[in-house]
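As given, the protein sequences belong to chains A and B, one line each in that order.
The opening residue of the first sequence carries number 1 in this note's numbering; numbering runs sequentially from there.
The opening residue of the second sequence carries number 431 in this note's numbering; numbering runs sequentially from there.
Built from N, CA and C at the ideal position, the CB exists for glycine as well.
Everything below concerns the one structure shown next.
2 protein chains.
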Amino acid sequence: MKTILNPGKAEWIKSLKRPVQKTKDIEKIVKPILRKVKRSGDKALKKFALEYDHVQIKNLLVTSEEVMKSKDLIDPQLKKAILVAKGNIEKFHAAQVSPELKMEVMEGVTCMRRSVPIQKVGLYIPGGTAPLFSTVLMLGIPANLAGCEEIVLCTPPDSEGNIHPAILFTADLIGIDKIVKSGGAQAVAAMTFGTESVPKVDKIFGPGNQYVTAAKQLAVKNGVAIDMPAGPSEVLVYADETAIPSFVAADLLSQAEHGVDSQVVLVTTTEKFASKVKKELESQLEKLPRKDIAKRALDNSVTVVMANQEKAIELINDYAPEHLIICVENEDEVVGQIINAGSVFIGNFTPESAGDYASGTNHTLPTYGYARNYSGVSLDSFYKKITYQKITEKGIQNLGPTIETMAANELLDAHKYAVSVRLKYLKDKK
Amino acid sequence: MKTILNPGKAEWIKSLKRPVQKTKDIEKIVKPILRKVKRSGDKALKKFALEYDHVQIKNLLVTSEEVMKSKDLIDPQLKKAILVAKGNIEKFHAAQVSPELKMEVMEGVTCMRRSVPIQKVGLYIPGGTAPLFSTVLMLGIPANLAGCEEIVLCTPPDSEGNIHPAILFTADLIGIDKIVKSGGAQAVAAMTFGTESVPKVDKIFGPGNQYVTAAKQLAVKNGVAIDMPAGPSEVLVYADETAIPSFVAADLLSQAEHGVDSQVVLVTTTEKFASKVKKELESQLEKLPRKDIAKRALDNSVTVVMANQEKAIELINDYAPEHLIICVENEDEVVGQIINAGSVFIGNFTPESAGDYASGTNHTLPTYGYARNYSGVSLDSFYKKITYQKITEKGIQNLGPTIETMAANELLDAHKYAVSVRLKYLKDKK
Numbered sequence: 001m002k003t004i005l006n007p008g009k010a011e012w013i014k015s016l017k018r019p020v021q022k023t024k025d026i027e028k029i030v031k032p033i034l035r036k037v038k039r040s041g042d043k044a045l046k047k048f049a050l051e052y053d054h055v056q057i058k059n060l061l062v063t064s065e066e067v068m069k070s071k072d073l074i075d076p077q078l079k080k081a082i083l084v085a086k087g088n089i090e091k092f093h094a095a096q097v098s099p100e101l102k103m104e105v106m107e108g109v110t111c112m113r114r115s116v117p118i119q120k121v122g123l124y125i126p127g128g129t130a131p132l133f134s135t136v137l138m139l140g141i142p143a144n145l146a147g148c149e150e151i152v153l154c155t156p157p158d159s160e161g162n163i164h165p166a167i168l169f170t171a172d173l174i175g176i177d178k179i180v181k182s183g184g185a186q187a188v189a190a191m192t193f194g195t196e197s198v199p200k201v202d203k204i205f206g207p208g209n210q211y212v213t214a215a216k217q218l219a220v221k222n223g224v225a226i227d228m229p230a231g232p233s234e235v236l237v238y239a240d241e242t243a244i245p246s247f248v249a250a251d252l253l254s255q256a257e258h259g260v261d262s263q264v265v266l267v268t269t270t271e272k273f274a275s276k277v278k279k280e281l282e283s284q285l286e287k288l289p290r291k292d293i294a295k296r297a298l299d300n301s302v303t304v305v306m307a308n309q310e311k312a313i314e315l316i317n318d319y320a321p322e323h324l325i326i327c328v329e330n331e332d333e334v335v336g337q338i339i340n341a342g343s344v345f346i347g348n349f350t351p352e353s354a355g356d357y358a359s360g361t362n363h364t365l366p367t368y369g370y371a372r373n374y375s376g377v378s379l380d381s382f383y384k385k386i387t388y389q390k391i392t393e394k395g396i397q398n399l400g401p402t403i404e405t406m407a408a409n410e411l412l413d414a415h416k417y418a419v420s421v422r423l424k425y426l427k428d429k430k
Numbered sequence: 431m432k433t434i435l436n437p438g439k440a441e442w443i444k445s446l447k448r449p450v451q452k453t454k455d456i457e458k459i460v461k462p463i464l465r466k467v468k469r470s471g472d473k474a475l476k477k478f479a480l481e482y483d484h485v486q487i488k489n490l491l492v493t494s495e496e497v498m499k500s501k502d503l504i505d506p507q508l509k510k511a512i513l514v515a516k517g518n519i520e521k522f523h524a525a526q527v528s529p530e531l532k533m534e535v536m537e538g539v540t541c542m543r544r545s546v547p548i549q550k551v552g553l554y555i556p557g558g559t560a561p562l563f564s565t566v567l568m569l570g571i572p573a574n575l576a577g578c579e580e581i582v583l584c585t586p587p588d589s590e591g592n593i594h595p596a597i598l599f600t601a602d603l604i605g606i607d608k609i610v611k612s613g614g615a616q617a618v619a620a621m622t623f624g625t626e627s628v629p630k631v632d633k634i635f636g637p638g639n640q641y642v643t644a645a646k647q648l649a650v651k652n653g654v655a656i657d658m659p660a661g662p663s664e665v666l667v668y669a670d671e672t673a674i675p676s677f678v679a680a681d682l683l684s685q686a687e688h689g690v691d692s693q694v695v696l697v698t699t700t701e702k703f704a705s706k707v708k709k710e711l712e713s714q715l716e717k718l719p720r721k722d723i724a725k726r727a728l729d730n731s732v733t734v735v736m737a738n739q740e741k742a743i744e745l746i747n748d749y750a751p752e753h754l755i756i757c758v759e760n761e762d763e764v765v766g767q768i769i770n771a772g773s774v775f776i777g778n779f780t781p782e783s784a785g786d787y788a789s790g791t792n793h794t795l796p797t798y799g800y801a802r803n804y805s806g807v808s809l810d811s812f813y814k815k816i817t818y819q820k821i822t823e824k825g826i827q828n829l830g831p832t833i834e835t836m837a838a839n840e841l842l843d844a845h846k847y848a849v850s851v852r853l854k855y856l857k858d859k860k
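Below, the structure written as structure tokens:
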């Protein structure tokens, strides 16, 4: 982790530049996968499972027997933990409901807005070495709370053709019963076009490798919405002398272990604190099972010592971190000045992993600087908000002339006439 | 307008298919424009103004003198109308504020969510024959209510190098003081990359022709967010015998006059009503100044006579219209069953043009079937929602073991350790 002292804006922008994402080459690989799934449906999914997951899949859909069996395969302690996390996530997301809005803006003119669930949503859960049941909670709970009519979950099978029991248990807990043994770009393609086993969905959620990300971007061109653009995960810790160096080091490492391309940034205002954290990092790193990954991620990472808090906050807002940990004396003041961040972790006893799993906030957050213009996944991500208006006879008499004048000035005579014909009708009726 | 009687689902899907949007050829034209603006800034904008708008621009930014002068050039009746519309739009959008959410999900674990304005937003207002000051209201009012720090408005100049006074008057009324004389893909490029006169923005809003739309899509690849994907405007009117045929015809024509590619659909349950509307359409069409455009749009349009209301609603939700007018006896019942639409107009005295201008709802709405998975522009479109969590010593003791168990099961040991180090610290402290 290299250290930069009191950089100017141009220098910090350069030092904190995220790696360029090369999408073109990946699109070249992903496009034919989409085409094949569109054309051959389930058959293509099975072919790709053989090719990429090295497994012959008979039934793409997980059976209820498989789900039942999963319950016996889970450690009771893990079951309990998942239930606690579910409780917190449900509470915080249920509180995000927007009530129906209805107001008479002027006599006879009533406007309304209602949240209506997106009908069909697809959740993508990556495979790999670890079963990401936490992402099942983070996407499945709000989808379920919103009342989406159809929720389909795609995740790659292991080499035996099975889905990890923790994923099945969690999905079942939330009430997701359509689980497809398919991963990668082909799973995204299946949810985009529909196959015999997989319904075509309206919106696709979830993290994934660069192939999944590229497939999601291509899905958008086919009329499907996605949660947000994706990039490698990242954390920025802003800490002063009131922070505990071993905690800060642990938080930095918990991001670094995600992958070699993880972004880890420490911002502080004294060199002394920076060197304390560095020492802690070195000793903690040695004990980590994933220390090779973490070490490589740290090699690309930066400690920035800023001249003062004002400059530090400017840097933070400019970087727009996905995860922002704030461990400083005047934390409330600093929190109030943060305008670009995905999720914020406040104080010495709030590690990022709390939000990753169980505090109640969503862990699907904007990376790669997108915190400047995107929100993380929330209950709203599973709704459309439809507006309504109803105008009475009195209302069109009140508002009609305004509309006529505006339409005439925009040279849209038919727009004007749609009002005039009604006003004339009411006049003639008298 | 052709009529289809009682179609099955396959048939209505075919008849209501929207024209395919060819983006590839347009991207080829737009990409070099983006590149040139990125490289040469203001100089490129001026060059493109000469090339496409046939005007030599000295100052890209509108001066305060030009704004002052615009006030004298506007008809008082139009001023009054704009003020009335502004009042309604402000009222309905101000009511959309999401209050800060703060809750203790379990003892010592507090989650929060706040709406934070997107810092810099760009509003694109198309040029052409008519000055779209209504779009200035629809985008500028929520941007202003949200408290975006910088609002820049781009719109093409006329052949004299001027911006229409109604646009300047409206922008000034809302408090937008950065108005750039630039249109087309080059304006979108300027807001994407920034130039000497135009700030780089975080999100771009606004309608436009296919070049603007393509440029917005390319802006997304450069880290900028956009309001929504765009396609030609459309209306679906669902009417029964309680509707007044001359009103229905006027509403269909007000959409048809937008452009030859406008989509206009009438759904009803009796042939008799359909033919009444047809007759009205023919007679109203003759009186329209833009009748050539409207006639061609109608040629591509469809009246569908459905067997019953249930089928009619199924078709509507399947088509997902941008604008939906509902003029039937049991309107409330039908409105409650609509799950895919941009904005809904209820009853005989609620023409679409009310929402286009002045009822209070936003007229920037999802077209092209995107009402299945996108909302129209609202106050929320100008915010990010940031989540926060703060955990106390007691809180991490309560929740810590849950996080440790989950992290261990996802094989993320550093995530676990970030909790363990804190729990150990608290234990040792005792």
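Legend entry - CB-CB length for A/Ile403 against B/Ala679, believed under 8 Å: Going by Cβ atoms, the distance from A/Ile403 to B/Ala679 rounds to 18 Å, so no, they are not a contact pair.
Legend entry - Chain-ordered neighbours of A/Leu218 on chain B, where CB pairs are closer than 7 Å: Here the premise fails: no neighbours, minimum Cβ distance about 13 Å.
Legend entry - Contiguous alpha helix (DSSP H) assignments of at least 4 residues, all confined to the segment 238–308 of chain A: 245–256, 271–287 and 291–299
Inset, instruction - Would you mind listing the alpha helix (DSSP H) stretches within the segment 478–505 of chain B that are 4+ residues and don't spill past its ends, in chain order? - result: 494–502
Legend entry - Rounded C-alpha distance that separates B/Glu712 from B/Leu683: 10 Å
Inset, instruction - Sort B/Lys651, B/Val618, B/Lys630 and B/Gly577 by Cα distance to B/Gly636 and report the nearest one. - result: B/Val618
Legend entry - Min CB distance A/Tyr388 to chain B below 8 Å: yes
Inset, instruction - Could you please tell me which residues of the segment 333–359 of chain A, in chain order, have their CB closer than 9 Å to any CB of chain B? - result: Val335, Ile338, Ile339, Asn340, Ala341, Gly342, Ser343, Val344, Phe345, Ile346, Gly347, Asn348, Phe349, Thr350, Pro351, Glu352, Ser353, Ala354, Gly355, Asp356, Tyr357, Ala358 and Ser359
Legend entry - Beta-carbon proximity of A/Ala225 to B/Leu829, cut-off 8 Å: no
Legend entry - chain B contact residues for A/Leu132, given Cβ-Cβ distances below 9 Å: Glu840
Inset, instruction - Would you verify that the beta carbon of B/Ala573 is, or is not, closer than 8 Å to some beta carbon of chain A? - result: no
Legend entry - Ranges of the beta strand (DSSP E) found wholly within the segment 741–781 of chain B, counting only runs of at least 3: 753–757 and 773–776
Inset, instruction - Check A/Met1 in the structure and name its three-state DSSP category. - result: coil
Inset, instruction - Could you tell me the distance, in whole angstroms, from the CA atom of B/Ala620 to the CA atom of B/Met536? - result: 48 Å
Legend entry - For B/Pro769, the nearest candidate out of A/Gly147, A/Gln263 and A/Gln309 (CA to CA): The question names Pro, but residue 769 of chain B is Ile in the sequence shown. Among A/Gly147, A/Gln263 and A/Gln309, the Cα nearest to that of B/Ile769 belongs to A/Gly147.
Legend entry - N-terminal and C-terminal residue of the beta strand (DSSP E) that A/Gln389 is part of: Tyr383 to Ile391
Inset, instruction - Would you please verify whether the beta carbon of B/Gly825 is less than 8 Å from any beta carbon of chain A? - result: yes
Inset, instruction - Give the DSSP bridge partners of A/Thr110, in chain order. - result: A/Glu104 and A/Lys390
Legend entry - Terminal residues of the alpha helix (DSSP H) in which A/Tyr211 lies: Gln210 to Val220
Legend entry - Partner residues on chain A for B/Ser713, Cβ-Cβ distance less than 8 Å: Per Cβ cutoff of 8 Å: no residues; B/Ser713 is ~12 Å from chain A at best.
Inset, instruction - May I ask you to list the residues that DSSP assigns as paired with A/Lys120? - result: A/Glu150
Legend entry - A/Gln77 versus A/Pro131: straight-line alpha-carbon distance, rounded: 16 Å
Legend entry - Contacts that B/Thr622 makes with chain A (C-beta to C-beta distance below 8 Å): Those do not exist, as B/Thr622 stays about 12 Å from chain A at its closest Cβ, beyond 8 Å.
Legend entry - Endpoints, the alpha helix (DSSP H) within which B/Val460 is located: Lys454 to Ser470
Inset, instruction - Measure the beta-carbon distance from A/Phe133 to A/Ala166 and round it to whole angstroms, keeping in mind my assumption that it falls under 8 Å. - result: 4 Å
Inset, instruction - Measure from the alpha carbon of B/Tyr641 to the alpha carbon of each residue in B/Val460, B/Lys725 and B/Val695, then state which is nearest. - result: B/Val460
Inset, instruction - Compare the C-beta of A/Gly206 with all C-beta atoms of chain B and state if any pair is closer than 8 Å. - result: no
Legend entry - Interface residues of the segment 369–384 of chain A facing chain B [CB-CB below 8 Å]: Gly369, Tyr370, Ala371, Arg372, Asn373, Tyr374, Ser375, Gly376, Ser378, Asp380, Tyr383 and Lys384
Inset, instruction - Using the DSSP secondary-structure output, state which residues sit across from B/Leu666 in a beta bridge. - result: B/Val695 and B/Leu754
Legend entry - B/Asn803, buried or exposed, once every other Cβ within 10 Å from all chains shown has been counted against 16: buried
Inset, instruction - Whole angstroms is fine: what's the gap from B/Ala673's alpha carbon to B/Thr817's? - result: 47 Å
Inset, instruction - Counting only the same chain and skipping the five closest in sequence on each side, list residues whose C-beta sits under 8 Å from that of A/Ile391. - result: Gly108, Val109, Thr110 and Leu399
Legend entry - Minimum Cβ-Cβ distance from A/Asn209 to chain B less than 8 Å: no
Inset, instruction - Along the alpha helix (DSSP H) that carries B/Ile604, what are the first and last residues, could you check? - result: Pro595 to Ile604
Inset, instruction - Write down the C-beta distance between A/Leu168 and A/Val55 rounded to the nearest angstrom, noting that I regard them as a contact closer than 8 Å. - result: About 17 Å separates the two Cβ atoms, so there is no contact after all.
Legend entry - Short Cβ contact (8 Å threshold) for A/Glu241 with A/Thr270: yes
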